[in-house]
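Asks: To start, I am sharing the structure in question, which I have written as structure tokens.
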Amino acid sequence: MRVKICGITQPQQSTAIASLGATALGFICVPTSPRYVTTSQIRAAVAELPANIDTIGVFANASVPEISKIVVDSGLTGVQLHGDELPDFCYQLRQALPNVEIIRALRIRSLDHLDTAANYTKYVDTLLLDAYHPEQLGGTGKTLDWTMLEQFSPNCPWFLAGGLTADNIVEALSQVNPSGVDLSSGVERAPGDKDLDKVALLFQSLKNIDLSRS
Ligand SMILES: O=C(O)c1ccccc1NCC(=O)[C@H](O)[C@H](O)COP(=O)(O)O
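Residue numbering for the sequence shown follows this note's numbering, starting at 120 and increasing by one per position.
This is the structure:
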């Protein structure tokens, strides 16, 4: 199972979190976020990482040229679209960045809204389901209604996100079967400042689960 820790801002935390077991790290490229990082901050954080760690830039309603420039300049391996991007936008981004993983994040409001996930699976590599918050795009600490996701089985891999912590991850994964999990505020001291003890506890909790199941 993939484990993505999102909202990294400090290079030394990036290498420490990778050593603890994360398979992917997320860098917030949304200027209004308290976890926002510049291209040079991302480059510094990515430089010391082993090649097998996925490095994902998180964007919201940025243009294809803006995203492409940041991806190329900072050496990211993937892009997470966390705004209102439509399937056609994902297609255009794929043309511009054919070798970069595209993750479409959906902030799920209802069971009907969950059905829109199917519109994206042809154009992206991976989906990410996050909780909906009326004022914040992400990193909210709000959990999804996991019972709504029990039957969720799209035609592509997907991450479960939204309010996950070392304390609730086992319960979440007993109800849903994602290909990966994504955490941010649940392993932080403050926005952008990860708590390595909480990250270690997370991997301790994940040891009790069969991580090879998807
Ligand atoms: O984290 C942010 O500040 C953020 C800002 C704007 C768009 C997306 C953002 N985060 C995206 C993520 O992938 C978070 O990991 C995801 O929302 C889960 O966060 P949390 O509920 O705190 O675990």
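Note that beta-carbon positions come from the ideal geometry of N, C-alpha and C, so glycine has one too.
Keep in mind the model is a prediction, meaning the values are calculated, not measured.
1) Among Ala170, Asp249, Leu263, whose alpha-carbon lies nearest the alpha-carbon of Gly202?
2) Would you mind stating whether Gly126 and Gly176 have Cβ atoms separated by less than 9 Å?
3) Taking Phe178 as the reference, which of Thr157, Asn171, Arg162 has the closest Cα?
4) Within 10 Å of its beta-carbon, does Glu185 have 16 or more other beta-carbons around it, so buried, or fewer, so exposed?
5) What residues are listed by DSSP as bridge partners for Cys125?
6) Just grab the DSSP bridge partners of Asp249 for me.
7) Can you tell me the Cα-Cα spacing of Leu168 and Arg121, whole angstroms?
8) Identify every run of the beta strand (DSSP E) within the region 148-217, keeping only runs that are complete inside it and at least 3 residues long; order them along the chain.
9) Can the beta-carbon of Val219 be found closer than 9 Å to that of Val190?
10) Cα-Cα, which of Leu230, Asn238, Thr266 is closest to Tyr210?
11) Closer than 8 Å by C-beta to Thr196: which residues in its own chain qualify, once you throw out the five before and the five after it? Chain order, please.
12) Can you give the Cα-Cα distance for Ala164 and Leu212, rounded to whole angstroms?
13) Is it the case that the Cβ atoms of Ser256 and Val149 are separated by a distance below 9 Å?
14) For the alpha helix (DSSP H) that contains Asp301, what are its first and last residues?
15) Starting from the Cα of Leu321, find the closest Cα among Pro310, Gly311, Ser304, Ala309 and give me that residue.
16) Which value, in whole angstroms, describes the spacing of the CA atoms of Gln294 and Trp277?
17) What separation, rounded to the nearest whole angstrom, lies between the Cα atoms of Thr245 and Asn180?
18) Have a look at Arg162 and Asp234 and give me their C-alpha separation to the nearest angstrom.
Replies: So, from the data block:
1) Asp249
2) no
3) Thr157
4) exposed
5) Gly145
6) Arg226
7) 16 Å
8) 173-178, 197-200
9) yes
10) Asn238
11) Asp173, Thr174, Ile175, Val219, Glu220
12) 24 Å
13) Rather than Ser, the amino acid found at residue 256 in this sequence is Leu. Yes; because the gap between Cβ atoms is below 9 Å, this pair is in contact.
14) Run containing Asp301: none in the alpha helix (DSSP H); it sits in the beta strand (DSSP E), 299-302.
15) Ser304
16) 15 Å
17) 18 Å
18) 37 Å
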